Amino acid sequence: MDYVSPKEVAQTMMSAALSKSSLSIRDLLIRGCLSGALLGISVTLAYLATTQTSLPLAGALVFPVGFIIIVLLGLELVTGSFSLIPLAFFEKKITAYSMLKNLFWVFTGNLIGSVLFAALFWSASSEMGTITQPGTIEQMIIKVAEKKTLGYASHGSAGLLSAFVKGILCNWMVCMGVVMAMTSKSTPGKIIAAAIPIFIFFALGYEHAVVNMFVIPAGMMFGAKVSFSDWWLSNQLIVTLGNIIGGLLFTGVAIYYTYGKEKSPLASPSV
Amino acid sequence: MDYVSPKEVAQTMMSAALSKSSLSIRDLLIRGCLSGALLGISVTLAYLATTQTSLPLAGALVFPVGFIIIVLLGLELVTGSFSLIPLAFFEKKITAYSMLKNLFWVFTGNLIGSVLFAALFWSASSEMGTITQPGTIEQMIIKVAEKKTLGYASHGSAGLLSAFVKGILCNWMVCMGVVMAMTSKSTPGKIIAAAIPIFIFFALGYEHAVVNMFVIPAGMMFGAKVSFSDWWLSNQLIVTLGNIIGGLLFTGVAIYYTYGKEKSPLASPSV
Amino acid sequence: MDYVSPKEVAQTMMSAALSKSSLSIRDLLIRGCLSGALLGISVTLAYLATTQTSLPLAGALVFPVGFIIIVLLGLELVTGSFSLIPLAFFEKKITAYSMLKNLFWVFTGNLIGSVLFAALFWSASSEMGTITQPGTIEQMIIKVAEKKTLGYASHGSAGLLSAFVKGILCNWMVCMGVVMAMTSKSTPGKIIAAAIPIFIFFALGYEHAVVNMFVIPAGMMFGAKVSFSDWWLSNQLIVTLGNIIGGLLFTGVAIYYTYGKEKSPLASPSV
Amino acid sequence: MDYVSPKEVAQTMMSAALSKSSLSIRDLLIRGCLSGALLGISVTLAYLATTQTSLPLAGALVFPVGFIIIVLLGLELVTGSFSLIPLAFFEKKITAYSMLKNLFWVFTGNLIGSVLFAALFWSASSEMGTITQPGTIEQMIIKVAEKKTLGYASHGSAGLLSAFVKGILCNWMVCMGVVMAMTSKSTPGKIIAAAIPIFIFFALGYEHAVVNMFVIPAGMMFGAKVSFSDWWLSNQLIVTLGNIIGGLLFTGVAIYYTYGKEKSPLASPSV
Amino acid sequence: MDYVSPKEVAQTMMSAALSKSSLSIRDLLIRGCLSGALLGISVTLAYLATTQTSLPLAGALVFPVGFIIIVLLGLELVTGSFSLIPLAFFEKKITAYSMLKNLFWVFTGNLIGSVLFAALFWSASSEMGTITQPGTIEQMIIKVAEKKTLGYASHGSAGLLSAFVKGILCNWMVCMGVVMAMTSKSTPGKIIAAAIPIFIFFALGYEHAVVNMFVIPAGMMFGAKVSFSDWWLSNQLIVTLGNIIGGLLFTGVAIYYTYGKEKSPLASPSV
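Chains as they are written, first to last, in the numbering used here: chain A, 1 to 271; chain B, 272 to 542; chain C, 543 to 813; chain D, 814 to 1084; chain E, 1085 to 1355.
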């Protein structure tokens, strides 16, 4: 009973898209802020696990905790929405304006929450800037922030194209996490199913727009040599574009159109 | 069936607030004492895991055990109540007096249970004070007790402000644990969902008022150079205030007002 | 549906007490013997894990396996009964004679099963005494048997008092395991919930009467310098007394009287 | 609902015994062959985990995978049948001939499957015998095969008696695994419950007749100095006899007669 | 309720075979492409875990993630189909043409998805070929690609026969994963049950046709000295043939004909 077949998942995808589209800006912002902050705290946890164990894999194993909270509490994550909201537009159930408005406010909420958490994290960790020697997690944040911007840019268009492909592969997985959570009606089922693809993308170092909304500005607060335009031009915009393509094409469209459109009354089989 | 949607969770939050508000002082004290002692034993377990493995992450992984027992047996933890009881007051379902009385007695119960467990732990571990060389766990307790009081105070207002922010971030997570437990109707679901945010805050070293009710007096019993006023002025009061703000604002109010107030009959979607 | 609220758990506690009280001596002995042997095999497994990994925490993580089998198959463990059977007596549903008879036979069954398993373990491990050089697990059993008797005794009354307090803290947890198992109607729920407090007490080295019924005589078989009176006077009787107090007061009475006596029709909330 | 009480488990034990007794020789052989091969592949996996980690405990943690498949797919394992089929004979529901016929064909099926898998494993691993230097797993198989036969025999009757006791303790656990699987109506419940006792026996190095049907002939294929009579006289027959006694007496009879015979309509309580 | 008995599993096997047979080429290609890419990303994750921990066992523990997504979302994997589709043909419910058409298009979809993911992985990892020094994962891919082709070929027919046997043993397990997933109606049940046999085959280094569709061409992209004919003649065709035999004979036929054909109304017992 717990398991939800792919056919029903496809219907859930559409109803989630419609339901999200009808939310007020206030709700999009509250839920978006919480999501941004939750991914931020997950990144600090993952870096803590990585630095303590010297195993990035350990960081990836704990990273999904924030996403799990987001999924269970129905919060708004723009990368997930990239794979759902456009389906409602393609099916002519919402307007382009509704789609863009929704994505804009969730993106904004995610950004505010991420940067706000970065500021709280910085103030607790550096004791309002009085501790100037960064700890191991803070050093890792600085290093990652520089690698994710200056690193790609230093390799020119090949580097930026690599960031773009990593954005595609990343959000293919994130949106698989969103869809996988729909395969279960139980909390443990949603937790395990949602966590798996998030673990995969983080372990493989792929690029997630909302993670970067925390890690790059946090790095800047702790002294990374990254400018605002480095953040946006060498990473945020490129990765967001990759996320849109990967999430929408390889998950949203692929799953919805192979299952959502079938007319056959036969139950869809598992492998 | 197991999974409870955020809308229903918001209703559960209010009904839990009302139900807790109606408890007798006797029940608040019994349930509060048990909770305090359970967090105390969890701290000793976490420090054992940390010292045996040299990995604080291992300590954080086992720390949630006490909170899980508290949640499953419906015991009273004042940090959790900070995010629930005021909602009933805001909605004018209980008086300010009822709210304060409830929080006062749960706080008192948590304190009694924590200090009582500290005394039992001390008597077993030091064999009534006859073993004067503290073991590795006891040494860690002493060190942490000093760091959590003298450590912050030595950095002046920046240090105390850092403790305050760590109190905010801590109870944002603890109350997420309380709310996450409400997303499931099954025991495994409640266990996993509740444990996740507790693991996060302990791993990141955030400040929890009830944990400190054990670790600071226990440290004092084993010889930490911490005075009663160090305990309360450099930590307990500041952290409690941070806990109130974090738990109430970032979890209680945020979740309740984005889900509890909606009038729409549409089911709230997950991400 | 799976989760059982604390109020219902309190009722289950009383009905379990009554049901256990009505068992025949034959059933108490069969179920008691199996429980004793199951805890015995769990101890050997835990020591194997500890010696192979050099991490006592690993031993504690695997130790609950025997208790899980006991809980799922409804077997009889006297330490658990300490927190349940007296409730039926306090409520005047059984006589003092019934209570004592039940506890006596379960204690006896646990003792027989523990010593019988010790004998089988010794005969397999020492090949009927022909292998005189004990292996690593056997050495640990010898060492623990001496520490749990001669160790306490050598510190005089402070040492014995420490054993008594460790008995209190131990059975607070064991009985929490019994009660936690009642919070779930599913096998995975019972397994996880029951295992948690058992893991805690074993990791922290607390004193459990039935565990000691195996480890001390087994140590004696392998050559520990422990006499029959060392076993009973420096450990078994003191720890059993501590177990009675901890299990009955901090779990049985605390949980039953805060939940079982309420008349209010309101559902009891989780934290 | 998922959890099945011990009373119902006792009934399931009898109905499983009757149902197994009615199977055709063809089905006993197919299901027996698969079980033998599944335990064989589990042994190779366990030895791989042991040699890679240098922790036999890791091997024991992965070993139950084959038994889990056997339980979920209802396949036939003669060691499990030792604790069930005779109950139907004792209760005069099947004849001695039916009992012996069933056990004979399942034993035969297990033996064929084990040896067939050993041959496939040997052909893949040694590339049809052209690779003469055995790998680490193969070396471990050789060593274990010699220890389990020549090892016991070299210690004379004390060694063989030790093998016999290890056979008793082993199948006490294996049959606990069979019975534990019956305590749950869910797949995760069956998996966890069944795996626990299997993990215990393998970690503690006890002797299982069907495991030995793979590991001893496989060792012989890779060059262990073990003769056919060493296999059967110094291990297989003795261990099988121990398995019959342990599984039937300590699990089958103990559980069935304390729960299956009660007439009381009272629900059997958990601890 | 969650658990599905073997008899019902046998029926599910046939209905899945029929349902899959009726899918359009478009759906077979979409679902096949996703499956190929998902196994590809799982391989990169497994190699990352292996290289970070120096424990191939860790790689095997994370490898099943892709298969889990495939199972939960009902995607198409040709190796799984080898054990199901022919059953419908044997039972004369589909024609040989339908069977071959289905297997051909799923094989093609798997191949396209695998190679496409290899190309995306290569472009992100090598930054469009500008980074010429391969990383640790890439080095492992190169090495494995050479070992899986040139390695076998260098040992002549004995090597190729070994690859064939490893293909048989591999798909025995993969198809056990497909069938095991059918033993549960819950998402956690399907996840655990499906993951177990996949973990086994990957840990033991057996040969899977679709895994090789990624790892060999990916190795070639990064510079492995493997030609197109090495790929197909020394591995892909041989392994595919082994996969057909192992999956069909040892899982599909064995399970279906011992359970699916029984006429008896008696419930099939678990062990």
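Ideal placement from N, C-alpha and C gives every residue a C-beta, glycine not left out. Fair warning: this is a prediction, and the values are worked out from it, not measured in the lab.
Is the CB-CB distance between D:Pro947 and D:Phe1027 below 8 Å? Taking the fourth sequence and counting its residues from 1, the one referred to as residue 947 of chain D is at position 134. Taking the fourth sequence and counting its residues from 1, the one referred to as residue 1027 of chain D is at position 214. Contact: no.
What is the rounded straight-line gap between the Cα of E:Lys1347 and the Cα of E:Val1263? For the purposes of this step, residue 1347 of chain E is identified with residue 263 of the fifth sequence, where counting begins at 1. For the purposes of this step, residue 1263 of chain E is identified with residue 179 of the fifth sequence, where counting begins at 1. At E:Lys1347 the pLDDT is 46, less than 50, meaning the model places this residue with poor confidence; the figure from the coordinates comes in the next sentence. Looking at the two C-alpha atoms, the distance is approximately 21 Å.
If you measure from the beta carbon of E:Glu1346 to each beta carbon in chain A, is any gap under 8 Å? Within the fifth sequence, residue 1346 of chain E is the residue found at index 262, counting from 1. Note that E:Glu1346 scores 46 on pLDDT, short of 50, meaning its location in the model is unreliable and no value can be drawn from it.
Cβ neighbour criterion (16 or more within 10 Å) applied to A:Lys190: In the first sequence, counting from the first residue as 1, residue 190 of chain A sits at position 190. Classification for A:Lys190: buried.
At a Cβ threshold of 8 Å, is C:Leu779 touching chain B? For this step, residue 779 of chain C is matched to residue 237 along the third sequence. Chain B contact via Cβ: absent.
When you compare the CB positions of D:Ala1022 and D:Thr892, do they come within less than 8 Å of one another, or not? Position 209 of the fourth sequence, counting from 1, holds the residue named residue 1022 of chain D. Position 79 of the fourth sequence, counting from 1, holds the residue named residue 892 of chain D. Result yes, Cβ atoms of D:Ala1022 and D:Thr892 sit closer than 8 Å.
Under 8 Å: do the segment 1087-1095 of chain E and the segment 1324-1338 of chain E share three or more Cβ pairs, one atom per stretch? Too few Cβ pairs lie closer than 8 Å, so no.
For D:Gly887, count neighbouring Cβ atoms within 10 angstroms of its own Cβ and tell me buried if that reaches 16, exposed if not. By one-based count along the fourth sequence, residue 887 of chain D stands at place 74. Answer is buried; the Cβ neighbour count reaches 16.
Is the separation between the beta-carbon of E:Pro1272 and that of A:Pro197 shorter than 8 Å? For the purposes of this step, residue 1272 of chain E is taken as the residue at position 188 of the fifth sequence. For the purposes of this step, residue 197 of chain A is taken as the residue at position 197 of the first sequence. For E:Pro1272 and A:Pro197, no; Cβs fall outside 8 Å.
From C:Trp774 to C:Leu783, what does the alpha carbon distance come to, in whole angstroms? For the purposes of this step, residue 774 of chain C is identified with residue 232 of the third sequence, where counting begins at 1. For the purposes of this step, residue 783 of chain C is identified with residue 241 of the third sequence, where counting begins at 1. Taking the straight line from one Cα to the other gives about 12 Å.
With DSSP as the reference, label C:Ser812 as helix, strand or coil. Counting from 1 along the third sequence, the entry for residue 812 of chain C is found at position 270. Residue placement at C:Ser812 cannot be trusted, given a pLDDT of 46 that sits under 50; the coordinates are not used to answer.
Could you name the residues of the segment 382-411 of chain B whose beta carbon sits closer than 7 Å to any beta carbon of chain F, in the order they occur along the chain? The structure shown has no chain F; the protein chains it does contain are A, B, C, D and E.
When the cut-off is 8 Å and only beta carbons count, does E:Ser1270 lie next to chain A? Here residue 1270 of chain E refers to the residue found at position 186 of the fifth sequence. Interface residue (Cβ-Cβ distance to chain A less than 8 Å): E:Ser1270 is classified as such.
Neighbourhood of E:Ala1142 by C-beta distance below 7 Å, restricted to the same chain and skipping five residues each side: Against the fifth sequence, residue 1142 of chain E aligns to sequence position 58. Residues of the same chain with a CB within less than 7 Å of the CB of E:Ala1142, apart from the 5 flanking positions on each side, are Ala1133, Thr1134 in chain order.
Closer than 8 Å to chain B by CB, A:Lys93: Here residue 93 of chain A refers to the residue found at position 93 of the first sequence. False, the Cβ-Cβ gap to chain B never drops below 8 Å.
Step through the CB atoms of chain B and report whether any lies within less than 8 Å of the CB of A:Gly74. Start at 1 with the first residue of the first sequence, and residue 74 of chain A comes out as number 74. It does: the Cβ of A:Gly74 has a partner Cβ on chain B nearer than 8 Å.
Whole-Å CB distance - E:Lys1232 paired with E:Ile1300, under 8 Å assumed: Taking the first residue of the fifth sequence as 1, we reach residue 1232 of chain E at position 148. Taking the first residue of the fifth sequence as 1, we reach residue 1300 of chain E at position 216. The pair is a contact, with the Cβ atoms about 6 Å apart (cut-off 8 Å).
Using a threshold of 8 Å, state whether the C-beta atoms of B:Phe472 and B:Cys446 are closer than that. Here residue 472 of chain B corresponds to residue number 201 of the second sequence, with the count starting at 1. Here residue 446 of chain B corresponds to residue number 175 of the second sequence, with the count starting at 1. Not in contact: B:Phe472 and B:Cys446 (Cβ atoms no closer than 8 Å).
Buried/exposed call for D:Tyr910, threshold 16 Cβ in 10 Å: Residue mapping note: residue 910 of chain D aligns to position 97 of the fourth sequence, counting from 1. The residue is exposed, with fewer than 16 neighbouring Cβ atoms inside 10 Å.
C-beta contact flag for B:Asn373 and B:Lys291 at 8 Å: In the second sequence, the residue the question calls residue 373 of chain B occupies position 102. In the second sequence, the residue the question calls residue 291 of chain B occupies position 20. In this structure, B:Lys291 lies closer than 8 Å to B:Asn373 by Cβ.
Looking only at C-alpha atoms, which of E:Pro1148, E:Arg1110, E:Leu1102, E:Leu1123 sits nearest to E:Ala1279? As a working mapping, residue 1279 of chain E is identified with position 195 in the fifth sequence. When each option's Cα is compared against that of E:Ala1279, the closest is E:Pro1148.
Please determine, among A:Leu72, A:Ser54, A:Lys93, the residue with the shortest C-alpha to C-alpha distance to A:Met182. Within the first sequence, numbered from 1, the residue matching residue 182 of chain A stands at position 182. For the options A:Leu72, A:Ser54, A:Lys93, the alpha carbon positioned closest to that of A:Met182 is the one of A:Leu72.
First through last residue of the alpha helix (DSSP H) which encompasses B:Gly307: Walking along the second sequence from the start, residue 307 of chain B turns up at place 36. 296-324 is the extent of the alpha helix (DSSP H) around B:Gly307.
Cβ-based neighbour list, A:Val106, same chain, cut-off 6 Å, excluding 5 preceding and 5 following: If you number the first sequence from 1, residue 106 of chain A lands on position 106. If we look at A:Val106 and ignore the five residues flanking it on each side, its Cβ neighbours are Leu28, Gly32, Glu76, Val78, Ser81.
Please confirm whether C:Ala700 has its beta-carbon closer than 8 Å to some beta-carbon of chain B. Here residue 700 of chain C refers to the residue found at position 158 when the third sequence is read from its first residue. Taking Cβ atoms only, chain B reaches closer than 8 Å to C:Ala700, which makes this a yes.
Rounded Cβ spacing between E:Ile1221 and E:Thr1137 (contact assumed at less than 8 Å): Stepping through the fifth sequence from its first residue, residue 1221 of chain E is reached at position 137. Stepping through the fifth sequence from its first residue, residue 1137 of chain E is reached at position 53. Between E:Thr1137 and E:Ile1221 the Cβ distance is about 13 Å, and since that is not below 8 Å, they are no contact.
Could you name each continuous beta strand (DSSP E) segment of 3 residues or more that falls completely within the segment 655-691 of chain C, going from the start of the chain to the end? Fully enclosed beta strand (DSSP E) runs of 3 or longer: not present.
Outcome for E:Ser1108 when other beta-carbon atoms lying within 10 angstroms are tallied against a minimum of 16: Along the fifth sequence, read from residue 1 onward, the residue named residue 1108 of chain E stands at position 24. E:Ser1108 should be labelled exposed.
Could you tell me if E:Thr1214 is buried or exposed, where buried requires 16 or more neighbouring beta carbons within 10 angstroms of its beta carbon? Walking along the fifth sequence from the start, residue 1214 of chain E turns up at place 130. With fewer than 16 Cβ atoms within 10 Å of its Cβ, E:Thr1214 is classed as exposed.
Can you give me the Cβ contacts of A:Val18 inside the same chain, cut-off strictly under 8 Å, excluding the 5 residues immediately before and after it? Against the first sequence, residue 18 of chain A aligns to sequence position 18. Before going on, a small fix: residue 18 of chain A reads as Leu here, not Val. Same-chain partners within the cutoff: Ala88, Lys93, Ile94.
Between E:Ser1167 and D:Trp935, what straight-line distance do the alpha-carbon atoms span, to the nearest angstrom? Start at 1 with the first residue of the fifth sequence, and residue 1167 of chain E comes out as number 83. Start at 1 with the first residue of the fourth sequence, and residue 935 of chain D comes out as number 122. Take the alpha-carbon of E:Ser1167 and the one of D:Trp935: they are about 25 Å apart.
Show which residues of chain E have a CB atom less than 7 Å away from the CB atom of D:Val878. In the fourth sequence, counting from the first residue as 1, residue 878 of chain D sits at position 65. Near D:Val878 (Cβ distances below 7 Å), the residues of chain E are Ile1280, Ile1284.
For C:Val768 versus C:Glu688, is the C-beta spacing smaller than 8 Å? Looking up residue 768 of chain C in the third sequence gives position 226. Looking up residue 688 of chain C in the third sequence gives position 146. For the 8 Å CB-CB criterion, C:Val768 and C:Glu688 form a contact.
Out of curiosity, what's the CA-to-CA distance linking B:Val510 and A:Asn212? Taking the second sequence and counting its residues from 1, the one referred to as residue 510 of chain B is at position 239. Taking the first sequence and counting its residues from 1, the one referred to as residue 212 of chain A is at position 212. One C-alpha to the other measures close to 30 Å.
Should A:Gly36 and A:Gly109 be called a contact, given that it needs their Cβ atoms to be closer than 8 Å? Taking the first sequence and counting its residues from 1, the one referred to as residue 36 of chain A is at position 36. Taking the first sequence and counting its residues from 1, the one referred to as residue 109 of chain A is at position 109. Taking 8 Å as the Cβ cut-off, A:Gly36 and A:Gly109 qualify as a contacting pair.
Who are the Cβ neighbours of A:Ile168 in its own chain at under 7 Å, not counting the five residues just before and after it? In the first sequence, counting from the first residue as 1, residue 168 of chain A sits at position 168. The answer, listed in chain order, is Gly242, Ile245, Gly246.
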